[in-house]
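Number of protein chains: 2
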Amino acid sequence: MTPLAEEIARIYGTPAVVIDLDKVEANIARTQAICDAAGIANRPHIKTHKSPELARWQRDAGARGITCQKLGEAEVMADGGLDDILISYNILGEEKLGRLASLMRRVSMTVAADNPVTVAGLPKAAAMAERPLDVVVECDTGRKRAGVETPGEAVELARQIAGSPGLRFAGFLMYPPEDGWPATQTFLDIATAGLTDAGLEARIVSTGGTPNLVNVGKLKGATEHRAGTSIFNDRMQMAAGVASLEDCALLVYSTVVSRAAPERGILDAGSKTLTSDIGGLDGHGFILEHPEARIARFAEEHGFLDLAKCNDRPKVGDVVRIVPNHVCVVVNMVDRLVTVRGDRLVGDIPVAARGRLA
Amino acid sequence: MTPLAEEIARIYGTPAVVIDLDKVEANIARTQAICDAAGIANRPHIKTHKSPELARWQRDAGARGITCQKLGEAEVMADGGLDDILISYNILGEEKLGRLASLMRRVSMTVAADNPVTVAGLPKAAAMAERPLDVVVECDTGRKRAGVETPGEAVELARQIAGSPGLRFAGFLMYPPEDGWPATQTFLDIATAGLTDAGLEARIVSTGGTPNLVNVGKLKGATEHRAGTSIFNDRMQMAAGVASLEDCALLVYSTVVSRAAPERGILDAGSKTLTSDIGGLDGHGFILEHPEARIARFAEEHGFLDLAKCNDRPKVGDVVRIVPNHVCVVVNMVDRLVTVRGDRLVGDIPVAARGRLA
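Residue numbers (the numbering used here), protein chains in the order written: chain E, 40 to 397; chain L, 40 to 397.
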């Protein structure tokens, strides 16, 4: 148990979600450098940290603007002094259109749409805000999530946007599968030709994803990239080969609370801390102090340790440090992040947009 | 889309976590009646609702006290006027022992321990509080989570507690597997005989679990039962055969935000709302309006709908109601629960102990 772990446990208790600000700064700089080298604007996705303070760090390091997934996140970011916000999500319903209008009066907003119903609603926000709204067409190039499936549909939706009162067609939002960039290029080229025929132009062509940082620069016509996880990294990014253990800026500090048998134990971090997001990996996290230990499964407040392969096994009361499988969902479980620099405790920052799911 | 769904979406936006207070009251009464019929005290686990208001309803319906899993939950409950609190968890470390002492000065506390290290720390809390602390020995009778594995260890730990300054041995905490009640009886009988030899007595013998409500009364010597999920119920309880769809008091209201292809769609509730807790079931929730739809997987803010088996398919903008797989983790994602009675909107209540994981 390190002196820092003892200090954090004494002051904050465990489980605690801890970020190393030195690593955070290095990760922010690395993402920015990748975008700079490719001549692409950096528009980080704040869903990972949900902190206006860290978003300002990203902006001050050179980010063009930020990406939010939900309106509630954008509201918190605007409150925190951020501007030029892209919501990469369909905004639907009276309640949300009213809130979008309020945001538009305060900051520069762009929203995504992948269907005519969403586009048909957005003019209400523009009318309430009494200013035009930039809209990008979300395109699916293989992930089968949201997004129109064909360039023809993309152009059709661009026309609808351009023809709608108060709306401006701003471009395309894409989230290519890591191995899907050639197909994305084909999609974009056909869609761009269709836009030309329609007398339209894509000012923004936005790509996304931390594993896709290795692909930034490969899509001709791309103007910006949205990476979220790269500010902290996690076990999934390590598995994807885009981060090393050294790059992981977020650790969950957890106490071993039970060791009822030689080959097993219980952590005080369960699914209400680390979440059940497994991310296709074996086990639910990597324990720095016990690399051979496996977090086999969870109850809500229990992490089940399988210690069969451990020679050096943790004792009851030990505080261990865990690299989670998926940081974005872990951050969303807590109201604050404890901050350190190296082996020094700094303090904590609020996760101001935590739980802003609407 | 029901008028109530439209009203909730208009006022609160989606996703929204909604509880029907009529059903909540019926569920509280049913659990109490099961315990009353067995002559067993009811000590509901508040991890499911994390609301002092609902805990007071449980108390006023006849509950003896409440169960919390973490100290932070107990603090919120004490703030909300609850007393007689059992923390069914090993409390370890200076920070937590200090907080436990503060709680002991305000309310009647019992804590669990399954190892000598935990027991060795607890006298500090008793000393700081200047009052004795009741401690139950957590026993494992097959779940392989926390808890001593043998009656001999249970008695040994009871002796350690009884011999520790400021601690009182209070009894046994058990969480039998649903099919493990005969083995639990054997464990308890041997442990009770061992206690007699040691001149000790178990004032509390506590069992737990909503699926175990069908077993309440089967353990000779049991004094109380801890059920959590039964206040709301969910798809896991339906699968376990202990709740019907009618008994499910909590629904997640979610908007269909994308329908990019005929056989699929996207909900605005993803893993940051419904969580990745699958609970051994197929799919991540049951949609009342579209029983044949399958919530196949999640991104953080996207629920992936597989509509292949649906004849009547939802449209973009439709608000649907979802019975989640596991309510306890869903409640923990939100700061408030929207409340209804039947088809009438009532208001909302805070999830005051949300995120109190330490």
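All C-beta atoms in this analysis are idealised placements derived from N, C-alpha and C, irrespective of residue type, glycine included.
All values derive from a computational prediction rather than experimental measurement.
From the DSSP secondary-structure annotation, give me the bridge partner or partners of residue i.
| i | result |
| --- | --- |
| I126(L) | C107(L), V150(L) |
| T378(L) | I58(L), G386(L) |
| C178(L) | V187(L), M213(L) |
| P363(L) | G324(L) |
| H415(E) | Past the boundaries of the shown model lies residue 415(E); chain E is included only from 40 to 397, so the question cannot be answered. |
| V358(E) | T294(E) |
| L306(L) | V295(L), G342(L) |
| D173(E) | T149(E), R207(E) |
Do you know offhand how far residue i's Cα is from residue j's?
| i | j | result |
| --- | --- | --- |
| P450(E) | H323(E) | No answer is possible for residue 450(E): the residues shown for chain E start at 40 and end at 397. |
| G408(L) | L289(L) | Because chain L here runs from 40 to 397, residue 408(L) falls outside it and cannot be looked at. |
| R371(E) | S310(E) | Note that residue 371(E) corresponds to Asn in the displayed sequence, not to Arg. Cα-Cα distance, rounded: 12 Å. |
| P91(E) | G119(E) | 5 Å |
| E177(E) | D153(E) | 5 Å |
| A44(E) | A166(L) | 26 Å |
| W220(E) | M213(E) | 10 Å |
| Y292(L) | Q224(E) | 37 Å |
| Q117(L) | T41(L) | First, the amino acid is wrong: residue 117(L) is Ala here, not Gln. Rounded to the nearest angstrom, the two C-alpha atoms are 38 Å apart. |
| A282(L) | Q276(L) | 6 Å |
| A261(L) | V359(E) | 36 Å |
| A266(E) | G247(E) | 6 Å |
| L206(E) | S147(E) | 13 Å |
| R298(E) | A335(E) | 15 Å |
| V369(E) | D351(E) | 27 Å |
| G104(E) | G356(L) | 28 Å |
| V56(E) | I67(E) | 19 Å |
| E302(L) | L258(L) | 50 Å |
| H264(L) | I317(L) | 26 Å |
| K186(L) | D179(L) | Note that residue 186(L) is Gly in the sequence shown, not Lys. Computed Cα separation, rounded: 4 Å. |
| E133(L) | A201(L) | 22 Å |
| G101(L) | A76(L) | 13 Å |
| T87(L) | L384(L) | 22 Å |
| E64(E) | E188(L) | 47 Å |
| S127(L) | L344(E) | 19 Å |
| E340(L) | A308(L) | 6 Å |
| I73(L) | V244(L) | 17 Å |
| I388(E) | C287(E) | 18 Å |
| R82(E) | D123(E) | 9 Å |
| D61(E) | Q71(E) | 15 Å |
| G381(L) | T149(L) | 38 Å |
| F408(E) | V194(E) | Absent from the structure is residue 408(E), since the part of chain E shown begins at 40 and ends at 397. |
| T157(E) | L320(E) | 36 Å |
| Q108(L) | A392(L) | 11 Å |
| A159(E) | G137(E) | 14 Å |
| K348(L) | V390(E) | 40 Å |
| D374(E) | T312(E) | 11 Å |
| D59(L) | A230(L) | 43 Å |
| R69(E) | V174(E) | 29 Å |
| G191(L) | L306(L) | 52 Å |
Go to residue i, then tell me how far its beta strand (DSSP E) extends in each direction, as first and last residue.
| i | result |
| --- | --- |
| T294(E) | 289-300 |
| R336(L) | 333-337 |
Going by DSSP, what residue range makes up the alpha helix (DSSP H) through residue i?
| i | result |
| --- | --- |
| S163(L) | Note that residue 163(L) is Lys in the sequence shown, not Ser. That run of the alpha helix (DSSP H) goes 155-168. |
| R98(E) | 91-99 |
| P42(E) | 42-51 |
(message) Tell me which residues of the region 299-312 of chain L have at least one Cβ-Cβ distance to chain E shorter than 9 Å, keeping chain order.
(response) Result list: A299, A300, R303, I305, D307, A308, G309, S310, K311, T312.
(request) Taking only beta carbons into account, state which residues of the region 311-328 of chain E come closer than 8 Å to chain L, listed in chain order. (result) Answer in chain order: K311, T312, T314, S315, D316, I317.
(request) Can you check the region 222-297 of chain E for any beta strand (DSSP E) of at least 3 residues that lies completely inside it and give the ranges in chain order? (result) Listed in chain order, they are 243-247, 263-265.
(request) Residues of the region 97-129 of chain L with a CB closer than 9 Å to any CB of chain E: list them in chain order, please. (result) Within the region 97-129 of chain L, the residues whose Cβ lies closer than 9 Å to some Cβ of chain E are Q108, K109, L110, G111, Y128, N129, listed in chain order.
(request) May I ask you to list, following chain order, the residues of the region 144-176 of chain L that have a beta carbon less than 9 Å from some beta carbon of chain E? (result) Cβ contacts with chain E come from D153, N154, P155, V156, T157, G160.
(message) Closer than 7 Å between beta carbons: that is the criterion. Which residues of the region 352-377 of chain L meet it against chain E?
(response) Hits within the stretch, in order: V355, G356, C367, V368, N371, M372, V373, D374.
(request) Would you list, in chain order, the members of the region 258-288 of chain E that have their beta-carbon closer than 8 Å to a beta-carbon of chain L? (result) For the region 258-288 of chain E, there are no residues whose beta carbon sits under 8 Å from a beta carbon of chain L.
(request) Scan the region 68-99 of chain L for residues whose Cβ lies nearer than 9 Å to a Cβ of chain E and list them as they occur along the chain. (result) Hits within the stretch, in order: K86.
(message) Please list, in chain order, the residues of the region 41-64 of chain E that have any C-beta partner in chain L closer than 8 Å.
(response) Of all residues in the region 41-64 of chain E, those with a C-beta nearer than 8 Å to a C-beta of chain L are A48, R49, I50, Y51, G52, T53, P54, A55, reading in chain order.
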